[in-house]
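A.B. asks: Let me begin by handing over the structure; questions about it come next.
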Amino acid sequence: MNREIVVGSDEGGARLDAFLAARLPDMSRNAVQRGIEKGEIVRADGRAIAKNDRTAPGDRFLCAAAEPLEALALPEEISLDVVFEDESLLVVNKPRGMVVHPAPGHGGGTLVNALLFHAAGSLSGVGGVARPGIVHRLDKDTSGLLLVAKTDFAHRALAAQLKDRTLSRVYEAVVLGRVGADEGTVDRPIGRHPTDRKRMSTAARTAREAVTHYTVLCRYNGYTHVRCRLETGRTHQIRVHMASIGHPLLGDLVYGRKCQEKGLSGQCLHARSLEFDHPVSGERIALSSELPGYFLDALGRLGPGV
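In terms of the numbering used here, the sequence shown opens at residue 242 and continues consecutively.
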């Protein structure tokens, strides 16, 4: 099946192969170049393209290159901390260190494997066979509340709330340095890093709107405990945004210091609360999760706060 990619009004001037690689996350830049050479990636109007062409707003491309086969996740009896559940959806409190869905190097032991066992196959199929029910994701080392849809109707309704920003997600984090302002907003588009596809960046040529609001909860000597509210939901958004203003997350070896601190080898980030309209009843659901042990332990190592 052809996938259509449309260049947005703010995405003109990018090198074509880099732009397409950013918009097709399952394909590397080399794979995009091979797809162009083989005629598997073409302009919708049939005009010839080259890998070093520049994009223009409104350009439309078709990609017929084969997508990688999704791994079929299997049920596994893994304990889950379920904080809300009914016939339409459930919310789980994901532990730090658990991968959300199967991927290379993580074929089992994931949240999806646990969900398939817990829900006995009663999960939305909107996300595909590798990500059944997953409405939004959390990084492996991010703990906290994660929303899962049981029905396709619920999945689409919740995804619509993500898009129109009526689904509220609030996180807590510990960042490096003393954040000066008591509150603030980071409004910087995020896209794939120009040279490292495993990272995201606010300096990407092809990027999407990203907005994070933060509030200082407590200051320590060289660290700050903050609350972050997402207005958008880009990959690694809080990690990238806080690093972009000079305050990467404690323990974040990707966007922060490249060494362990305070006993952490992964970001100190917890999805603290979720608030959304129930897709069937319309009732406003508000849920929260206590700070887990690793987070409290990290706070305890920071010394007296002010």
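By construction, the Cβ of each residue, glycine as well, lies at the ideal position given by its N, Cα and C atoms.
Please report how far the alpha carbon of Leu303 lies from the alpha carbon of Glu281, in whole angstroms.
C.D. replies: 8 Å
A.B. asks: Might you give, ordered along the chain, the residues of its own chain that have their beta carbon closer than 6 Å to the beta carbon of Pro545, omitting 5 neighbours on each side?
C.D. replies: none
A.B. asks: Taking C-beta to C-beta, are Val376 and Leu388 nearer than 8 Å?
C.D. replies: yes
A.B. asks: What's the gap between the Cα of Asp405 and the Cα of Gly287?
C.D. replies: 35 Å
A.B. asks: For Ile526, which residues of its own chain have a beta-carbon under 6 Å away from its beta-carbon, when the five flanking residues on both sides are left out?
C.D. replies: Phe517, His519
A.B. asks: Could you pull the start and end residues of the beta strand (DSSP E) that Ile282 belongs to?
C.D. replies: 282-284
A.B. asks: What residues in its chain sit with their C-beta under 8 Å from that of Leu310, if we drop five residues either side in the sequence?
C.D. replies: Model confidence at Leu310 stands at a pLDDT of 42, short of 50, so the residue's coordinates are unreliable and nothing is read from them.
A.B. asks: DSSP state of Glu502, grouped into three classes?
C.D. replies: strand
A.B. asks: Which value, in whole angstroms, describes the spacing of the CA atoms of Asp380 and Ile290?
C.D. replies: If I take the Cα positions, the gap works out to 36 Å.
A.B. asks: Tell me the residue span of the beta strand (DSSP E) that contains Lys335.
C.D. replies: It spans 330-335 - the beta strand (DSSP E) in which Lys335 sits, taken as one unbroken run.
A.B. asks: Mind reading off the beta-carbon distance from His488 to Val416? Whole number of angstroms is fine, and I expect it under 8 Å.
C.D. replies: 4 Å
A.B. asks: So, at 8 Å on beta carbons, what are the nonlocal neighbours of Phe325 in its own chain, with the 5 sequence-adjacent residues on each side left out?
C.D. replies: Leu331, Val332, Ile526, Leu528
A.B. asks: Going by alpha carbons, who is nearest to Cys459 out of Gly541, Arg429, Leu399?
C.D. replies: Gly541
A.B. asks: So, is Arg513 buried or exposed, given that buried needs 16 or more other C-beta atoms within 10 angstroms?
C.D. replies: buried
A.B. asks: Would you report the Cα separation of Ser530 and Pro435, rounded to the nearest angstrom?
C.D. replies: 36 Å
A.B. asks: Using CA atoms only, rank isn't needed, just tell me which of Arg397, Gly362, Asp327, Thr426 is closest to Arg468.
C.D. replies: Restricting attention to Arg397, Gly362, Asp327, Thr426, the CA atom closest to the CA of Arg468 is found in Thr426.
A.B. asks: Just to confirm, is the Cβ distance from Arg264 to Arg284 under 8 Å?
C.D. replies: Taking the C-beta atoms as reference points, Arg284 is found no nearer than 8 Å to Arg264.
A.B. asks: Look up Leu352 in the DSSP assignment and say whether it is helix, strand or coil.
C.D. replies: helix
A.B. asks: Please determine whether the Cβ atom of Arg284 lies at a distance below 7 Å from any heavy atom of the ligand PLP.
C.D. replies: In terms of ligand content, the structure shown is empty, and the ligand PLP therefore cannot be addressed.
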